[in-house]
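With the working numbering, the residue at position 69 of the sequence shown is 179, and numbering never jumps.
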Amino acid sequence: MADEKIDVEMQDTGEFLASIHSASGTDEIVLMFADAEEVSDGVLGNDEASVRATVEFLLSHQPSGDLPDRIDLVDIAAAYDGAIESIRDLRK
Numbered sequence: 111m112a113d114e115k116i117d118v119e120m121q122d123t124g125e126f127l128a129s130i131h132s133a134s135g136t137d138e139i140v141l142m143f144a145d146a147e148e149v150s151d152g153v154l155g156n157d158e159a160s161v162r163a164t165v166e167f168l169l170s171h172q173p174s175g176d177l178p179d180r181i182d183l184v185d186i187a188a189a190y191d192g193a194i195e196s197i198r199d200l201r202k
C-alpha cells in the first residue's frame with residue numbers, strides 16, 4: 111500500500127467515492143458508511159477519516175484492483191475479525 115494515494119469524496123449521505131491512485135493507474139470504489147456508528151458501536155463515523163482508514167485497511171489485505179466496486183462497512187466488519195479496531199487505529 112506504500113505507493114498508493116487515496117482521495118475520498120462524499121457522494122451522498124453515507125456514501126463515499128474512494129479513488130486509489132497507484133503506478134498502474136486509478137481504481138475507484140464506493141464505500142457505504144450510513145450505518146458506520148451502529149456497526150462499530152460508535153468507534154467509527156460517517157466521515158472521510160473513517161473511510162480513508164478503511165481503504166488503507168482493505169489495501170493491507172488485497173490490491174486495489176481486486177476490491178469490489180461497492181462495499182459496505184457491515185460487510186467489511188463481517189469478513190475480517192478485528193476490522194473495526196484495526197480501522198480505528200489507522201484513523202488520522
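C-beta: ideal position from N, C-alpha, C; glycine also.
Write down the C-beta distance between L127 and A163 rounded to the nearest angstrom, noting that I regard them as a contact closer than 8 Å. Within the sequence shown, numbered from 1, the residue matching residue 127 stands at position 17. Within the sequence shown, numbered from 1, the residue matching residue 163 stands at position 53. Incorrect: roughly 16 Å between the Cβ atoms, too far for contact.
Taking DSSP's pairing of strands, which residues face T123 in a bridge? The sequence position of residue 123 within the sequence shown is 13, counting from 1. According to DSSP, T123 bridges with nothing at all.
DSSP three-state label for R198, please. Along the sequence shown, one-based indexing puts residue 198 at 88. Of the three classes helix, strand and coil, the one that applies to R198 here is helix, per DSSP.
Please check the pair H131 and E114, which I expect to be a contact at CB under 8 Å, by giving their CB distance rounded to whole angstroms. Taking the sequence shown and counting its residues from 1, one reaches residue 131 at position 21. Taking the sequence shown and counting its residues from 1, one reaches residue 114 at position 4. Rounded, the Cβ-Cβ distance is 7 Å, consistent with contact.
Measuring straight from C-alpha to C-alpha, what distance separates G192 and T136? By one-based count along the sequence shown, residue 192 stands at place 82. By one-based count along the sequence shown, residue 136 stands at place 26. Near 28 Å, if we compare the C-alpha coordinates of T136 and G192.
Assuming the contact rule is C-beta atoms closer than 8 Å, I194 and A187 should be a hit. Round their C-beta distance to whole Å, please. By one-based count along the sequence shown, residue 194 stands at place 84. By one-based count along the sequence shown, residue 187 stands at place 77. That belief holds up - the Cβ atoms of I194 and A187 are roughly 6 Å apart, short of 8 Å.
Start and end residues, beta strand (DSSP E) containing L215: Summary: the structure shown does not reach residue 215, with the chain confined to residues 111 through 202, and so no result is reported for it.
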